[in-house]
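Q:
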Amino acid sequence: ARDEKIDKGSLSMGERQMYASALLKALVDESDIEFPVFIDSPMQKFDKDHAENVIKEFYPNVSKQVVLFPLIHKELTEREYDLLKPKISKAYLIHNFSMDASKFIESAPESLIKTYNELYAD
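Be aware that the sequence shown starts at 196, since it is given in my numbering, and climbs by one per residue.
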């Protein structure tokens, strides 16, 4: 029922992430202020179907500027990235080149996964 309260503690991790995403969208919509949205570990808890829906419907529409910090191949597969690619204007990798140092590497959106694979080839 619509008036039924749901105990957030009973939600699965994916449901909690979906709940947090819904709250984020509501805050953005109600603020009447345009601002960028930063999302760390964006796909971590979603199953394949939810991940695809979030990529197609949520991220392109949550704000005019969205910055995602995914773990490539763990949280964002190449297929999922391809779904987002038409909406991406800039792409960067954080390259850890030593135990205590990292740097940003700009990549063309169409070659981000290739660049990642070259940097982290086993």
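Just so it is clear, CB atoms sit at the ideal spot from N, CA and C, and this is done for glycine as well.
Keep in mind it's a predicted model, so treat the numbers as computed, not measured.
Using a Cβ-Cβ cut-off of 8 Å (strictly less than) and excluding sequence neighbours within five positions of Phe253, which residues of its own chain qualify?
A: What you label residue 253 is simply residue 58 of the sequence shown in a count that begins at 1. Excluding sequence neighbours, Phe253 sits near Ser216 and Lys220.
Q: I'd like to know whether the C-beta atoms of Leu288 and Ser302 end up nearer to each other than 8 Å.
A: Residue 288 sits at position 93 when you count from the first residue of the sequence shown. Residue 302 sits at position 107 when you count from the first residue of the sequence shown. For Leu288 and Ser302, yes; Cβs fall inside 8 Å.
Q: What alpha helix (DSSP H) runs, 4 residues minimum, are completely inside the region 225–267?
A: Entirely contained in the region 225–267, the alpha helix (DSSP H) runs reaching 4 residues are, in chain order, 243–248.
Q: Can you tell me the Cβ-Cβ gap for Val261 and Ile234, rounded? I've got them flagged as a contact below 8 Å.
A: Numbered from 1 along the sequence shown, position 66 holds the residue referred to as residue 261. Numbered from 1 along the sequence shown, position 39 holds the residue referred to as residue 234. About 7 Å; that satisfies the 8 Å criterion.
Q: Quick test of the definition: if touching needs 3 or more C-beta pairs under 8 Å, does the region 236–253 touch the region 262–270?
A: Cβ pair count under 8 Å is three or more, so yes.
Q: Please go through the same chain and pick out, in chain order, the residues whose beta-carbon is closer than 6 Å to the beta-carbon of Ala286, but skip the five residues on each side of it.
A: Within the sequence shown, numbered from 1, the residue matching residue 286 stands at position 91. If we look at Ala286 and ignore the five residues flanking it on each side, its Cβ neighbours are Ser302, Pro304 and Leu307.
Q: Find out if the Cβ-Cβ distance for the pair Lys282, His290 is shorter than 8 Å.
A: What you label residue 282 is simply residue 87 of the sequence shown in a count that begins at 1. What you label residue 290 is simply residue 95 of the sequence shown in a count that begins at 1. In this structure, His290 does not lie closer than 8 Å to Lys282 by Cβ.
Q: Taking DSSP's pairing of strands, which residues face Tyr287 in a bridge?
A: The residue given as residue 287 occupies position 92 in the sequence shown. Partner(s): Glu301.
Q: If you draw a straight line from the alpha carbon of Thr310 to that of Ile250, how long is it in whole angstroms?
A: Position 115 of the sequence shown holds residue 310. Position 55 of the sequence shown holds residue 250. Between Thr310 and Ile250, the C-alpha separation is close to 21 Å.
Q: Could you tell me which residues DSSP puts in a beta bridge with Leu271?
A: Taking the sequence shown and counting its residues from 1, the one referred to as residue 271 is at position 76. Leu271 is bridged to Ile267.
Q: Report the rounded CA-to-CA distance for Pro265 versus Glu275, giving the unit in angstroms.
A: Within the sequence shown, residue 265 is the residue found at index 70, counting from 1. Within the sequence shown, residue 275 is the residue found at index 80, counting from 1. Approximately 11 Å, taken between the alpha carbons.
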